[in-house]
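Here the structure comes first, spelled out in structure tokens, and everything after it is commentary.
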Amino acid sequence: MPRLTRDRTTWLTYAQLGLWGFFLYGFGPVVPLLRDEQGTSAAVAGLHSTGIAVGALAGGALFAPVARRFGRGAAVWLGLAGVAAGVTALGLLRPLPATIAAVAVVATFGMMVISGVNVLLTARHGPAAPAALTEANAVCAGMGILAPLTIGVTVGAGLGWRPVMAVEVGLITLVALAALTFRVRRPKRAPAAAAAARPVVVPALRPVPAAAGVVAATAGPDAGQREIPDGARGTHTGDDRGVRAGSGRLPRAYWIAWVLMAVTGSIEVCLSLWTADVLRTHAGLSAGGASAAVAAIVCGMFAGRLAGGRAALRWPPVPLLLGAFTVSLAGFSLFWASPVGWLAVTGLVVLGLGNALHYPLAIAIALAVAGGAADRAAGWSSYSMAVGFGIAPVALGRVADGVGPHAAFLLLPAFIVVAVLLTVRLGRALRPA
Numbered sequence: 014m015p016r017l018t019r020d021r022t023t024w025l026t027y028a029q030l031g032l033w034g035f036f037l038y039g040f041g042p043v044v045p046l047l048r049d050e051q052g053t054s055a056a057v058a059g060l061h062s063t064g065i066a067v068g069a070l071a072g073g074a075l076f077a078p079v080a081r082r083f084g085r086g087a088a089v090w091l092g093l094a095g096v097a098a099g100v101t102a103l104g105l106l107r108p109l110p111a112t113i114a115a116v117a118v119v120a121t122f123g124m125m126v127i128s129g130v131n132v133l134l135t136a137r138h139g140p141a142a143p144a145a146l147t148e149a150n151a152v153c154a155g156m157g158i159l160a161p162l163t164i165g166v167t168v169g170a171g172l173g174w175r176p177v178m179a180v181e182v183g184l185i186t187l188v189a190l191a192a193l194t195f196r197v198r199r200p201k202r203a204p205a206a207a208a209a210a211r212p213v214v215v216p217a218l219r220p221v222p223a224a225a226g227v228v229a230a231t232a233g234p235d236a237g238q239r240e241i242p243d244g245a246r247g248t249h250t251g252d253d254r255g256v257r258a259g260s261g262r263l264p265r266a267y268w269i270a271w272v273l274m275a276v277t278g279s280i281e282v283c284l285s286l287w288t289a290d291v292l293r294t295h296a297g298l299s300a301g302g303a304s305a306a307v308a309a310i311v312c313g314m315f316a317g318r319l320a321g322g323r324a325a326l327r328w329p330p331v332p333l334l335l336g337a338f339t340v341s342l343a344g345f346s347l348f349w350a351s352p353v354g355w356l357a358v359t360g361l362v363v364l365g366l367g368n369a370l371h372y373p374l375a376i377a378i379a380l381a382v383a384g385g386a387a388d389r390a391a392g393w394s395s396y397s398m399a400v401g402f403g404i405a406p407v408a409l410g411r412v413a414d415g416v417g418p419h420a421a422f423l424l425l426p427a428f429i430v431v432a433v434l435l436t437v438r439l440g441r442a443l444r445p446a
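First residue of the sequence shown? That's 14 in our numbering, and the numbers climb one at a time after it.
Given below as structure tokens:
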């Protein structure tokens with residue numbers, strides 16, 4: 014079983030992803046409040062998710078060249094600085110075009126944070142990367158619990174949602190000061206030099222050309238082991254500078270995982286943006302109570318990712334994903350069918366438990382099979398999130414304008430079924446030849 018070692022750099026990387034999570038999970042409950050404030054329809058309010066999608070495209074395109082030029086660690090810090098600037102603008106501006114533009118800025122730099130964290134943890138932890146990525150996303154979800162609760166408090170106190178943007182800027186500043194105080198530094202050694210001392214043995218799901226530098230981090234405990242030649246060990250070093258990507262194509266398994274991330278991203282963003290509306294219209298919660306209750310999803314995700322980090326060290330990701338989708342479907346059924354607030358919130362907790370493993374396992378598979386092209390693969394993965402963020406919420410918003418948010422939410426089980434089919438196909442692509 015791979016061993017996960019958590020050093021200062023790992024904890025800092027976790028915290029950096031958590032800062033993005035505070036915005037991401039806090040912005041969902043803000044959208045219905047923005048809609049009421051700006052007097053728009055659900056479909057028009059859903060254009061904020063289109064702003065996130067545009068930003069994700071830009072951030073995905075920017076990450077690889079910025080990482081090559083300045084290093085992955087610097088790219089993450091640049092991303093957090095941009096997030097701080099974007100949320101400041103969002104908190105100060107009121108017209109619809111301005112808030113959409115501010116969200117696009119936040120998403121652009123937020124995608125740089127996500128890409129940097131994913132590649133850094135994959136590079137640093139090798140075969141234990143699925144567990145590290147799951148734990149990082151647990152921290153992300155943990156921070157996401159605070160945001161809806163804070164919004165519920167400020168809205169209930171008559172202050173509105175905008176003070177939460179100031180909290181985000183303060184948290185980013187606090188983490189930056191902590192990194193300086195404790196002198197957390199990124200390793201600087203070149204990949205080949207760092208790996209030259211000894212052979213690296215990792216679990217392997219399928220034979221992979223050594224020149225691709227693939228780390229088969231997706232393997233389970235019963236998988237065979239093989240030795241990675243010196244030239245293919247770059248992804249194990251935790252090196253701060255981006256590994257020079259090869260010119261070869263990304264493998265088929267990567268693109269299946271890419272589509273899977275787009276579908277699971279659609280599930281997550283629809284829940285984030287429209288759950289509060291369903292709780293208000295179907296379960297009878299107040300605006301402040303519904304905004305705070307969205308934290309139930311994130312609570313479930315936090316617990317699921319804490320447990321999932323251990324599970325990812327023991328079992329292959331494909332069976333874990335299939336189990337997670339089953340739990341998600343059960344939780345959604347309870348949430349959707351319940352006209353009583355507390356029962357609907359219970360369903361959201363179960364739904365969050367299932368959703369917890371969707372993204373961490375999918376991105377772990379994608380980056381593992383990408384090998385030496387990890388920076389490029391991380392950038393492309395941002396485009397999958399852009400697809401999910403840009404299309405699904407707007408489609409759900411249009412349906413909600415016609416039939417109401419509760420009935421429109423029946424799109425989510427369809428997404429889950431599609432995700433199950435993609436996961437089965439991904440499992441076949443990862444089998445040994």
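Backbone N, C-alpha and C define an ideal beta-carbon position, used for all residues, glycine too.
Here the structure is a predicted model, which is why all the values come from computation and not from measurement.
| Item | Value |
| --- | --- |
| Per DSSP, what kind of secondary structure is Asp20 in: helix, strand or coil? | coil |
| Pick out the complete alpha helix (DSSP H) segments inside the region 29-105, 4 residues or longer, and give them in chain order. | 55-58, 60-83, 85-105 |
| Trp33: buried (16+ other C-beta within 10 angstroms of its C-beta) or exposed? | buried |
| On the three-pair Cβ rule with 8 Å, is the region 167-185 touching the region 288-308? | yes |
| When you compare the CB positions of Gly278 and Met398, do they come within less than 8 Å of one another, or not? | yes |
| If you run the structure through DSSP and keep just helix, strand and coil, what is Trp355? | helix |
| State the Cα-Cα distance for the pair Val433 and Val100, rounded to the nearest angstrom. | 35 Å |
| Use the C-beta contact count for Val362: other C-beta atoms within 10 angstroms, 16 or more gives buried, fewer gives exposed. | buried |
| Is any heavy atom of the ligand FAD found at a distance shorter than 7 Å from the C-beta of Ala296? | For the ligand FAD, the structure offers nothing, since it holds no ligand at all. |
| Can you check whether the CB of Tyr38 is closer than 8 Å to the CB of Val407? | no |
| Run through DSSP, which three-state label would His295 get? | coil |
| Report the three-state DSSP secondary structure of Ala170 (helix, strand or coil). | coil |
| Would you give the residue range spanned by the alpha helix (DSSP H) that Gly11 belongs to? | Past the edges of the chain, shown from 14 to 446, lies residue 11, and the structure says nothing about it. |
| When the Cα atoms are used, what is the spatial distance from Gly129 to Val182? | 20 Å |
| Let me check understanding here. Comparing Cα to Cα, which of Ala69, Leu70, Gly92 lies closest to Ala80? | Gly92 |
| Please list, in chain order, all residues of the same chain as His138 whose beta carbon is under 7 Å from its beta carbon, the five residues on each side excluded. | Leu17, Ala145 |
| Which of the three DSSP states, helix, strand or coil, is assigned to Pro445? | coil |
| One question on the structure: do Leu30 and Leu273 come within less than 8 Å of each other, judged by their Cβ atoms? | no |
| Check whether the Cβ atoms of Val416 and Leu424 lie closer than 8 Å to each other. | no |
| Which same chain residues, not among the five before or five after Arg21, have their C-beta less than 6 Å away from its C-beta? | Val197 |
| Distance, Cα to Cα, Val9 vs Leu286? | Past the boundaries of the shown model lies residue 9; the chain is included only from 14 to 446, so the question cannot be answered. |
| Determine the direct distance from the alpha carbon of Gly384 to that of Val119, and round the result to whole angstroms. | 29 Å |
| CA-CA distance, Ala102 and Glu50? | 17 Å |
| Just to confirm, is the Cβ distance from Leu370 to Leu326 under 8 Å? | no |
| Could you give the DSSP three-state label for Ala369: helix, strand or coil? | coil |
| Using the three-state DSSP reduction, which class does Trp271 fall into: helix, strand or coil? | helix |
| Quick one: what does DSSP say Leu134 is sitting in, helix, strand or coil? | helix |
| Could you compute how far the alpha carbon of Phe156 sits from the alpha carbon of Phe35? | It is worth fixing the name first, because residue 156 is Met in this sequence and not Phe. Near 5 Å, if we compare the C-alpha coordinates of Phe35 and Met156. |
| State the CB to CB distance for the pair Ala442 and Arg265, rounded to an integer number of angstroms; the pair is presumed to be in contact (CB under 8 Å). | 6 Å |
| Would you identify the three-state DSSP class for Trp287, choosing helix, strand or coil? | helix |
| Are the CB atoms of Gly322 and Glu148 within a distance shorter than 8 Å? | yes |
| Buried or exposed: which applies to Val430, given that a residue is buried once 16 or more other Cβ atoms fall within 10 Å of its Cβ? | exposed |
| Use the C-beta contact count for Thr23: other C-beta atoms within 10 angstroms, 16 or more gives buried, fewer gives exposed. | buried |
| Mind reading off the beta-carbon distance from Thr26 to Leu190? Whole number of angstroms is fine, and I expect it under 8 Å. | Between Leu190 and Thr26 the Cβ distance is about 17 Å, and since that is not below 8 Å, they are no contact. |
| Do you know how far the Cα of Pro329 is from the Cα of Ala117? | 36 Å |
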